[in-house]
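With positions in the sequence shown counted from 1, the corresponding number in our numbering is that position plus 2.
For each residue, glycine too, the CB sits at the ideal point set by N, CA and C.
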Amino acid sequence: MNREDLDRLLARLERGEIARDAVLEELARLPFRDLGDARVDLHRALRSGTGEVVLGQGKTPDQIARIARTLISEQAAALVTRVDVAAASAVRERVPELEYHAAARVRAYRGGPPPAPGRGAICVVAAGTADLPVAEEAAVCAAYLGAKVERVYDVGVAGLHRLLASIDTLRAARVLIAVAGMEGALPSVVGGLVERPVIAVPTSVGYGASLGGVAALLGMLNSCASNVTVVNIDNGFGAAYVAALVNRA
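This is the structure we're talking about:
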């Protein structure tokens, strides 16, 4: 339930179209639905504007399916991140409404009205092809959250001419998400080219001394570009969520 749903429910009560007891029952069910091994938060959209998002990693296909089915039945929308191919196939049999975005490892469904699109575009910039799973997670999640999304891929700092070829796209965006592994230099370069917020996403891509993304994370945290902020390693969803909020402000 979101604010619009609650407003419609109260309006029906005022018009006498629904009994007071029925409204109380709806509100009693509002905070969460207890599935035994999961308590699905049905109050989140009312509190924060966006419903609960499911992290598929570590969950069984049955758990993912039951949680997603609950979200769809209650809020006509569901987003599940980090769903591998095997789990995605099993979930599809149980919840066929969920569309699978293989490159992003995301399953998503939105049957209700789309969220507010925001005031501009979110541009997802990826350093290399190996960073695309995280970049696509960010792009798909941002689109699910209502944003117009632009993609600028394979533009790492080893060949800056590739990035500069897309300068108009970069500068037209209202928020940018820069995804990079290795030494994590891309967000600083992007930040120096635009006057918008840049959300940096370090990835775990790189050789031994990259330490599973720690080197990129530290490099981004030490960025000399003042408009760069950083989320956790491989956290494309987190970057998309914050970018969508900034884009709506």
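query: Cβ neighbours of P63 in the same chain (closer than 6 Å, five flanking residues each side left out); result: A89, A92, V93
query: Beta-carbon proximity check, G238 vs G183, cutoff 9 Å; result: no
query: 9 Å Cβ cutoff met for T205 and V181; result: yes
query: Secondary structure of V196, DSSP reduced to three states; result: coil
query: Range of the contiguous alpha helix (DSSP H) that encloses L211; result: What sits at residue 211 in the sequence shown is Ala, not Leu. No alpha helix (DSSP H) contains A211, which DSSP labels as neither H nor E.
query: Anticipated Cβ contact below 8 Å, I66 with V85, distance rounded; result: 7 Å
query: Three-state secondary structure (DSSP) of Y243; result: helix
query: Inter-residue Cα distance where the pair is G215 and R46; result: 31 Å
query: Residues that DSSP places opposite I124 in a beta bridge; result: V151, V177
query: Assumed close pair I179, V203 - CB separation to whole angstroms, cut-off 8 Å; result: 6 Å
query: Reduced DSSP secondary structure (H/G/I, E/B, other) of P63; result: helix
query: Selection from E185, R198, V136, D236 that minimises the alpha carbon distance to N224; result: E185
query: The ligand FMN heavy atom lying under 8 Å from the CB of G221; result: Inclusion of the ligand FMN in the displayed structure is not the case, the ligand content being empty and no account of it being possible.
query: Neighbourhood of R96 by C-beta distance below 6 Å, restricted to the same chain and skipping five residues each side; result: A67
query: Element boundaries [alpha helix (DSSP H), containing E95]; result: 87-96
query: Local conformation of L57 per DSSP, three classes; result: strand
query: Alpha-carbon spacing of A211 relative to A217, whole angstroms; result: 7 Å
query: Coarse secondary structure for E101, derived from DSSP in three states; result: strand
query: Distance between E19 and A174 (C-alpha atoms, nearest Å); result: 48 Å
query: Beta-carbon proximity check, N249 vs V177, cutoff 9 Å; result: yes
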